[in-house]
Amino acid sequence: MDEDVHTVRMEHPLDGSSEKAFARVNDTPLISVIMANYRGGAHLAYAIESVLAQTLRQFELIIIDDKSPDDSVLIVDRYRDARIRLIALEDNVGPAAARNRGINAARGDWLAIVDNDDLIHPTRLSVLLKAAVTDGADIVADDLLIFDDGSSTISTMLPESGGSPFWVDPASFIRSNVIYGPRPSLGYCKPMIRRQALGAMRYDETLRIGEDSDLLLRMMIAGSRFRIYPELLYFYRKHSGSISHRFGEGDSYHLIAAETRLMRDHASLGAEVFAAHAERLHSLRRAAAFASLVGGLKARSPSRVLHAVRTCPDALWLLRLPLKASLLRQLHLIGRRTAPAVSRPGVMVLSRQRVAGGTNGSSAYLISIARFLRHRGYRVTYLSPSPTTFGRWPFLRIVTETQEAFDDFVVRGSVRVGRYMLVRDLRIWAWALLSLAEDRLLRFGILTHRRIPNAPYAVSQPLSRQDRLFLARRARKGSDAILLDYAFLAPARSYTLRPDARALIVMHDLFSSRVSRFDKIGALDSVALLDPDEEYALLAQADGIVAIQRAEAETVGARLPNQSVILAPMAVSVVAEAAPGDDGSLLFVGSNTAPNIIGITWFLTSVWPAILKRCPTTRLRLVGSVARGLVDLPAGVTCLGVVADLTPIYQSTAIVISPLTVGSGLKIKLIEAMGFGKAIVATSMTVEGVEALVEGAVVVVDEADAFATAVCELLGERQRRTVLAEAALAVARSAFAAEACYEHLPSALFPTPDAEAQVCAVRTRVWESIGR
Numbered sequence: 215m216d217e218d219v220h221t222v223r224m225e226h227p228l229d230g231s232s233e234k235a236f237a238r239v240n241d242t243p244l245i246s247v248i249m250a251n252y253r254g255g256a257h258l259a260y261a262i263e264s265v266l267a268q269t270l271r272q273f274e275l276i277i278i279d280d281k282s283p284d285d286s287v288l289i290v291d292r293y294r295d296a297r298i299r300l301i302a303l304e305d306n307v308g309p310a311a312a313r314n315r316g317i318n319a320a321r322g323d324w325l326a327i328v329d330n331d332d333l334i335h336p337t338r339l340s341v342l343l344k345a346a347v348t349d350g351a352d353i354v355a356d357d358l359l360i361f362d363d364g365s366s367t368i369s370t371m372l373p374e375s376g377g378s379p380f381w382v383d384p385a386s387f388i389r390s391n392v393i394y395g396p397r398p399s400l401g402y403c404k405p406m407i408r409r410q411a412l413g414a415m416r417y418d419e420t421l422r423i424g425e426d427s428d429l430l431l432r433m434m435i436a437g438s439r440f441r442i443y444p445e446l447l448y449f450y451r452k453h454s455g456s457i458s459h460r461f462g463e464g465d466s467y468h469l470i471a472a473e474t475r476l477m478r479d480h481a482s483l484g485a486e487v488f489a490a491h492a493e494r495l496h497s498l499r500r501a502a503a504f505a506s507l508v509g510g511l512k513a514r515s516p517s518r519v520l521h522a523v524r525t526c527p528d529a530l531w532l533l534r535l536p537l538k539a540s541l542l543r544q545l546h547l548i549g550r551r552t553a554p555a556v557s558r559p560g561v562m563v564l565s566r567q568r569v570a571g572g573t574n575g576s577s578a579y580l581i582s583i584a585r586f587l588r589h590r591g592y593r594v595t596y597l598s599p600s601p602t603t604f605g606r607w608p609f610l611r612i613v614t615e616t617q618e619a620f621d622d623f624v625v626r627g628s629v630r631v632g633r634y635m636l637v638r639d640l641r642i643w644a645w646a647l648l649s650l651a652e653d654r655l656l657r658f659g660i661l662t663h664r665r666i667p668n669a670p671y672a673v674s675q676p677l678s679r680q681d682r683l684f685l686a687r688r689a690r691k692g693s694d695a696i697l698l699d700y701a702f703l704a705p706a707r708s709y710t711l712r713p714d715a716r717a718l719i720v721m722h723d724l725f726s727s728r729v730s731r732f733d734k735i736g737a738l739d740s741v742a743l744l745d746p747d748e749e750y751a752l753l754a755q756a757d758g759i760v761a762i763q764r765a766e767a768e769t770v771g772a773r774l775p776n777q778s779v780i781l782a783p784m785a786v787s788v789v790a791e792a793a794p795g796d797d798g799s800l801l802f803v804g805s806n807t808a809p810n811i812i813g814i815t816w817f818l819t820s821v822w823p824a825i826l827k828r829c830p831t832t833r834l835r836l837v838g839s840v841a842r843g844l845v846d847l848p849a850g851v852t853c854l855g856v857v858a859d860l861t862p863i864y865q866s867t868a869i870v871i872s873p874l875t876v877g878s879g880l881k882i883k884l885i886e887a888m889g890f891g892k893a894i895v896a897t898s899m900t901v902e903g904v905e906a907l908v909e910g911a912v913v914v915v916d917e918a919d920a921f922a923t924a925v926c927e928l929l930g931e932r933q934r935r936t937v938l939a940e941a942a943l944a945v946a947r948s949a950f951a952a953e954a955c956y957e958h959l960p961s962a963l964f965p966t967p968d969a970e971a972q973v974c975a976v977r978t979r980v981w982e983s984i985g986r
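Numbering (our numbering), first residue to last: 215 to 986.
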């Protein structure tokens, strides 16, 4: 593709249409983001950052400073991004007029309204643009996730259950904007508007509140098509300074005048539109009377109160609203007083892994990191936003290993009973019972193969609406820094509502590299497929990436040169001394994943017969859930299943084998075996990323005959096994101790001011390069 052409990649496409439809010349933005600003210093930088983080890169951000008396202009001036345009007004003209100045200066085909104290999801512009083009809409908007700085409560513009996208007609739009009405108020939405459809229309500059709904209604009356999508991509900050939540008498009278004018202008549009206007006009008059009533009560003016009640008796009923709000504030304050004070900085681990101790490599890695951070004095919380974490089993035991790693352990849709988490979803209980029955039928030969499918791979499932709402409610507290477990959770970061918290992705594996590796051997992976563009787009949404092995760290660093990549291999506990083990005993430890099943199947088919021929008394033990993926076990092979304490098994084993032929990431069971001081025979795939470290400490062979020979020679030479085991233990002590592996994590999560300045400098260089 030519250098002067940019292709916008839709990270969450609503259909399968080609991304090339959005190719444009670089210097012409697709979207102009309009951000009016007055006294926005407290939140402006976060709003700007959320726009700059968009996955759709071809936009301009026009910030119109409405003569702010604070440091807003200085904040904008700190950014060196060619996409940011600052218009500094000499007079304060109000939000509607300020937006009009921005619209007049805009160059994009679309205009996206974003307030200076709000946040948007990284995929928002991409999703709305794709939806608008697909559906032929002139105006599009998403749902609002409304949060309050002074409270942990959240709400949404649309019903919490969400629903399907819908078209908006003038009458229903007017009714939705009845003040203090029962319907979702669509007038609060933040629209993205096709500039051609807007034409010469502009915001009504006499309005300081309700200007969005006024403009949208006039556009619909003129024939524009308006569609709303129930996606939670706009984060609407509600606080004492929000203009839209300071509804005074003056605002009411301006709105009444505007509504009266619209009612007159739209008289010919039919009875339904006229009735909707009448309903809204009555609500505005009631709101004006209510504002006067509240003002009279505050001023202790009986005459003013009586006048308000005579004007609109309905206003009395609205007193329930401030009383309810006051009660909720008091309850919130009581909750804050009774909640234990937390002085330690908090690290929130967002994960969907079924962490039941170190039963598999990825869980062991996560626990190891959490334990290290907790030992360093941080409060570490595990938070899963989805019941899919349970898989097909309805309970999860919080073992000692997990308790030692996390101060708190929370999974949505569950209840804790002692040391068990029990899922509330009865479907998972039914699924578990059917799976147990199927196991019995398979054991007795009544069934020949499994018919109940495995649970979906929870780690890669898209976030549901309820997952997102749960994060917004639960993740703010304790999220001074965030660890996102796998790149798939990158979209979850925004829902913590903590733009001030740094977020790192714990990568585990470079998923996109697995596809070609499995293709080479003609096998299917047991986890999710992810192409490189998708994976790197997800990784780029974090402040840094935690890579488990050097080769993948270097690959990611080359693809994302301005992203911080922290190399943090799996740390292990080490035994006091190496153990040669019992002669004739082999061990393989692994979970029920495709790389383990493929590897051990190759070993049992191609290597094991040769070993038995030369060393007929050899025995192999399989530990972990890997045996679930095997049909028949040959002679001499025993399956022990999941074992709580591996120490005695490792101690009695002569050789640990790791015959992996495909995979990615650091092979954690290799490091675990080294920590136990064992002689190890492994493939080159197993030692990928740590080849230099393990040289001389692990026997590495790839051919079946050579693998069998290496195993048999070690079985017959106890002294050589001991030397090899001691070398492995020495490497584990020096290279895989917690301090050596994780020393850079605390500073990456909680950088010093100097480090932050370096990060800002890097960002500036990135933005400048994008601008060019």
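Beta carbons: idealized from backbone N, C-alpha and C, even for Gly. Bear in mind that the values here come from a model prediction, so they are computed numbers and not experimental data.
For A954, the enclosing alpha helix (DSSP H) has its first and last residue at A952 to Y956. Relative to P336, the option among G350, L244 and A706 whose CA is nearest is A706.
The closest CA to that of W607, considering only Y260, A619 and S649, is found on S649. Check the Cα spacing between G930 and each of C829, L884 and I871: the tightest is with C829.
Relative to Q755, the option among S787, S674, S708 and Q272 whose CA is nearest is S708.
The Cβ atoms of L826 and V870 lie no closer than 7 Å to each other. The three-state reading of DSSP puts R566 in coil, since its state is none of H, G, I, E or B.
Annotated as proximal: R313 and Y417, with beta-carbon spacing under 7 Å. A straight-line Cα-Cα distance of about 7 Å links D356 and L446. Per DSSP, reduced to three states, the secondary structure at D362 is strand. Residue environment: T831 is assigned as exposed (fewer than 16 neighbouring CB atoms within 10 Å of its CB, all protein chains considered).
The Cβ atoms of F387 and L431 sit closer than 7 Å to each other. According to the DSSP secondary-structure assignment, G758 is paired through a beta bridge with L718. Secondary structure remark: continuous beta strand (DSSP E) runs of at least 3 residues inside the region 868 to 940, in chain order: 869 to 872 and 893 to 896.
Membership of G510 in the alpha helix (DSSP H) is indicated by the continuous run A485 to A513. The Cβ atoms of A896 and V914 lie closer than 7 Å to each other. The C-beta of E953 has fewer than 16 other C-beta atoms within 10 Å across all chains shown, which makes the residue exposed. Of the candidates T603, H521 and R439, R439 places its Cα closest to the Cα of A346. Contact between the region 325 to 332 and the region 671 to 681 is absent, with fewer than three C-beta pairs closer than 8 Å. T595 sits in a strand when the DSSP states are folded into three classes. Taking a contact as a CB-CB distance under 8 Å, the pair L359 and I368 counts as one, their CB atoms being some 6 Å apart.
By DSSP's assignment, R441 forms a beta bridge with V354 and W381. Looking only at A256, Q272 and V265, the smallest Cα-Cα distance to L288 is reached by A256. By DSSP's assignment, S369 forms a beta bridge with I360. Under DSSP, F802 shares a beta bridge with L836. If you draw a straight line from the Cα of N668 to the Cα of W645, it comes to about 10 Å.
When C-beta atoms of the region 777 to 796 are compared with those of the region 842 to 852, fewer than three pairs fall below 8 Å, so the two segments do not count as touching.
Apart from the 5 residues on each side of it in sequence, V851 sits with its Cβ closer than 6 Å to the Cβ of L834 in its chain, given in chain order. With respect to the 7 Å criterion, S375 and L325 are not classified as neighbours on the basis of their beta carbons. Nearest in C-alpha terms to G903, of all of A858, A761, G910 and A918, is A761. Pairing S805 with Y443, the inter-Cα distance amounts to about 41 Å. Put simply, of S839, L495, F950 and A250 the residue whose alpha carbon is nearest the alpha carbon of G308 is A250. In this structure, P775 sits away from L818, with a CB-CB distance that is not shorter than 7 Å. Taking C-beta separations shorter than 6 Å and ignoring five residues to either side along the sequence, the partners of R518 in its chain run G510, following chain order.
DSSP, read as helix, strand or coil, puts K404 in coil. Taking all protein chains in view, the Cβ of Q410 is surrounded by fewer than 16 other Cβ atoms within 10 Å, so the residue is classified as exposed.
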